[in-house]
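To start, the structure itself, in structure tokens.
Residue numbers (our numbering): 6 to 105.
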């Protein structure tokens with residue numbers, strides 16, 4: 006996992022990105038497939054995963070998750086729900102941007 010961060014260049018341009026250091030977080034993953042998620046996200050539901058994480062894990066919305074990679078962000082956190090002993094996250098696949 007890599008933390009989301011905003012930086013400002015010397016010219017005053019705000020840029021969004023991820024921290025250089027990757028942190029290790031254990032997640033239980035499964036595809037988004039509920040009727041509610043299908044109605045909320047439509048076609049995007051194919052790019053969304055659900056994840057269970059320990060409640061003590063400090064994960065925030067917009068943080069990047071590296072799945073099947075040590076450093077490359079493949080998904081970003083779009084939703085977080087905290088329960089008594091765990092938290093449930095929704096992760097959306099990150100699409101490659103032009104110019105990369």
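Think of the CB as a built atom: it goes at the ideal place given N, C-alpha and C, for glycine as much as any other residue.
On a predicted model such as this, the values are computed, not experimentally measured, just so you know.
Checklist entry - Looking at the unbroken beta strand (DSSP E) that takes in residue 92, where does it start and where does it end? => result 91-98
Next on the checklist: Can you find the residues in the same chain that come closer than 8 Å, C-beta to C-beta, to residue 81, ignoring five residues on each side of it along the sequence?
Outcome noted: 9, 67, 68, 69, 70, 96, 97, 99
Checklist entry - Buried or exposed: which applies to residue 31, given that a residue is buried once 16 or more other Cβ atoms fall within 10 Å of its Cβ? => result exposed
Checklist entry - Is DSSP giving residue 88 helix, strand or coil here? => result coil
Next on the checklist: Considering just the uninterrupted stretch of the beta strand (DSSP E) at residue 20, what are its terminal residues?
Outcome noted: 19-23
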